[in-house]
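Some notes on the structure that comes next.
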Amino acid sequence: MTEIKETDLDKDLTQLPPSKLARNLITYTQDFGEAIEPGHDEEYTKRHKVWSEYYLPALLGMVKSGEMSDEIFCSVLATLLYKQEYERDRDPLTGLYDRRGFARQTEELMAESKRLNLPLTLAYIDFDNFKPLNDKYGHKAGDDFLKVFASIAQTTRKDDVWSRFGGDEFVSLLPHTDEKNAGIIMERIEDKLNKFVKKSKINLEKPLTFTYGLQQWDKKQDADDFINAADQKLKLLKEAKQKYG
1 MTEIKETDLD KDLTQLPPSK LARNLITYTQ DFGEAIEPGH DEEYTKRHKV
51 WSEYYLPALL GMVKSGEMSD EIFCSVLATL LYKQEYERDR DPLTGLYDRR
101 GFARQTEELM AESKRLNLPL TLAYIDFDNF KPLNDKYGHK AGDDFLKVFA
151 SIAQTTRKDD VWSRFGGDEF VSLLPHTDEK NAGIIMERIE DKLNKFVKKS
201 KINLEKPLTF TYGLQQWDKK QDADDFINAA DQKLKLLKEA KQKYG
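First residue of the sequence shown: 1, per full-length UniProt numbering; consecutive thereafter.
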């Protein structure tokens, strides 16, 4: 039996011949866990358990009983696989990359930056006065605000990579961009966010802004050093804001 190759998984699975998917289905799904690395976090492990113990047997049962054709089954399988692949590296609230997904993107863009000899800048972002928003309007309002920010951030420049690191902390990779121009991009995002806040019903004693630390990649840095350098700059700026206003 010829197994599905990794190169096939990089393609749109619905474009592969249904017969090829059907032939390899059992072999592939037996190794499904190893193929997509479950167990890295509790939520992903739970999703994998639901897939392997519920969805797959149910679908196979429908095929065996004749309720579902091989072609439809393969289409459903492709959709589930892509959904699983997409969700495993995503923050469930905002749809941005989670830490694991961001780590992969960082390695890829560092390699590209080195290959093309082009700058790469990382922005580490933390909101100011976010707690009062939750306290006054509730956590749902806070979650909705973070989703709005994520939408603004993603649509400002399509090639930038965004991640929610947790709470109200975000990071972004800005390819082909030095620190100076990365600062301009952050100002554009801040301006769009300010316009949204003014149009909304949010009314806080202090403005709902964010602070960011920027670090242009030094090719001597590994990924962790790169992220930590931006984080340290953010902390210094946050301390300065708290001290001097």
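The beta-carbon is built from N, C-alpha and C at its ideal position, and this holds for glycine as well. Keep in mind it's a predicted model, so treat the numbers as computed, not measured.
Looking at residue i: is its Cβ nearer than 8 Å to the Cβ of residue j?
i	j	result
V161	L173	yes
V171	I125	yes
D98	R90	yes
A229	E107	no
L122	I227	yes
D178	P119	yes
D128	K199	no
Going by alpha carbons, who is nearest to residue i out of the options?
i	options	result
Q232	Q242, G213, K243	G213
F165	E190, A150, P175, E179	A150
L193	Q154, S69, S65, K180	Q154
L234	D225, P175, Q215	Q215
N203	K220, G66, F130	F130
K195	P57, G61, V148, L236	V148
T94	K243, Y244, D144	D144
Please report the distance separating the alpha-carbon of residue i from that of residue j.
i	j	result
E37	E205	Confidence is the limiting factor: at E37 the pLDDT is only 40, short of 50, which leaves the residue's position unreliable and the question unanswerable from this model.
D218	K201	43 Å
L116	K64	52 Å
D41	G101	Legend: pLDDT at D41 = 46, less than 50; position of this residue unreliable, value from coordinates given subsequently. If I take the Cα positions, the gap works out to 13 Å.
L96	S163	5 Å
P175	T211	20 Å
D168	C74	40 Å
G142	I152	15 Å
N181	Q221	21 Å
K114	L236	28 Å
E239	D225	21 Å
H139	G61	42 Å
What whole-angstrom Cβ distance do residue i and residue j have, given they're in contact under 8 Å?
i	j	result
L133	L208	6 Å
R157	I185	6 Å
If you measure from the CB of residue i, is any heavy atom of the ligand SAM nearer than 7 Å?
i	result
E205	As for the ligand SAM, it is missing from this structure, which has no ligand bound.
* To do: Could I get the ranges of all uninterrupted beta strand (DSSP E) runs contained in the UniProt domain "GGDEF" (118-245), with 3 residues as the minimum, in chain order?
  => 120-127, 161-166, 169-175, 210-216
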